[in-house]
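Numbering (this note's numbering), first residue to last: 1 to 342. Here a beta-carbon is modelled for each residue, glycine too, at the ideal position from N, C-alpha and C. The structure appears right after this line, and notes come after that.
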Ligand code: DAH
């Protein structure tokens, strides 16, 4: 075969091979095979050296023409394949703008927030204002002025996060009583103090290191234990339903005298006994009592003229009982499967 024929055959085969390509990855493979430094055109042109000087210019010209023809065909093919691939990508990712959008589900309030709002509402109707007090407290307000001095064994009741040796994360909402009394005296007081409290606790299904409490404080003239009991009774009925039975047990808190525990009949079994009330028929509602004379005095009230009651209750615990939640950690776990249920 002479060089001319070889070049023509090369051009034909190159064009055919090019036509057969469909994917852009195949383009460089073709290029290397036909036009590359070690490709077929180079092979054929190497034979030019063996030609006579008369034959060489025509064959060289022919070689150049084939090269340009293949190169042009390659460029066109490359363009066509890329364009086809782009179109395919665009149509496979196509967005149908006429589809209706996915509706955004509105969020809702956290169970703790809802419970707190209900508690606020109920006490609000009974004439209690909301008094906000800080979560970072002094040792003095959290303990000392509530009649819990440093050596007092009752400090063991509150495992404490210390910020430094004077400052704590409040272990209960009771220090707010001191702040409120010092701010309001000599006016009478009727407030609740809802808020977050912290304890250095082992975290278990029953105890978290952060939780809510709602404190209550009433200071006035001739306030008696029966006022406390009546207030608790009203609250329990509004919160958990008509006809709730109350039970008062003697207890001990350093900042009240006398101190009591307020229980109500179990709202699930109505006092019959069930798993929730551990078959006692009763649930704890609050720790409470008459404000201790020392605490009244620390707040700026003369205990010979003034008296008051106080109570402190949990928020998560009763919500758990009411809704059958068996692990307090769900309240702070941010798991939507839990949160969406309420
Ligand atoms: N502060 C107490 C606690 O965290 C609860 C409490 C008990 C608050 C009796 C009171 C009270 O105001 O009178 O355990």
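In this structure, the beta-carbon distance from residue 249 to residue 227 does not fall below 8 Å.
Residue 282 is bridged by DSSP to 265. Between the region 213 to 227 and the region 328 to 338 there are fewer than three inter-stretch CB-CB distances shorter than 8 Å, so the stretches are not counted as touching. Secondary structure at residue 138: strand, using DSSP grouped into helix, strand and coil. Residue 247: not part of any alpha helix (DSSP H); member of the beta strand (DSSP E) spanning 246 to 251, first to last residue.
Bounds of the beta strand (DSSP E) holding residue 217 are 210 to 220. The Cβ atoms of residue 213 and residue 312 sit closer than 8 Å to each other.
Of 293, 189, 259, the smallest CA-CA separation from residue 130 is found for 189. Listed by position in the chain, the residues whose beta carbon lies within less than 5 Å of some heavy atom of the ligand DAH are 172, 174, 253, 256, 287, 288, 289, 310, 312. As summarised for the region 75 to 157, the continuous beta strand (DSSP E) elements at least 3 residues long and confined to that stretch are 136 to 138, given in chain order. Residue 292 holds the alpha-carbon nearest to the alpha-carbon of residue 260 among 205, 115, 292, 210. 78 is the residue among 53, 56, 78 whose C-alpha sits nearest the C-alpha of residue 19. Contact between the region 157 to 166 and the region 132 to 144 is established, with three or more Cβ pairs separated by less than 8 Å.
Residue 324 has its alpha-carbon roughly 10 Å from the corresponding atom of residue 317. DSSP, reduced to helix, strand and coil, places residue 273 outside both helices and strands of the structure shown, so it counts as coil. If the five residues before and after residue 125 are omitted, its C-beta is found closer than 6 Å to no C-beta atom of its own chain.
Where residue 194 is concerned, the enclosing beta strand (DSSP E) starts and stops at 189 to 198. The region 175 to 184 makes contact with the region 287 to 302, as at least three CB pairs between them are under 8 Å. If you check the CB distance, residue 239 and residue 114 do not come in under 8 Å. Rounded to the nearest whole angstrom, the CA to CA distance from residue 147 to residue 255 is 6 Å.
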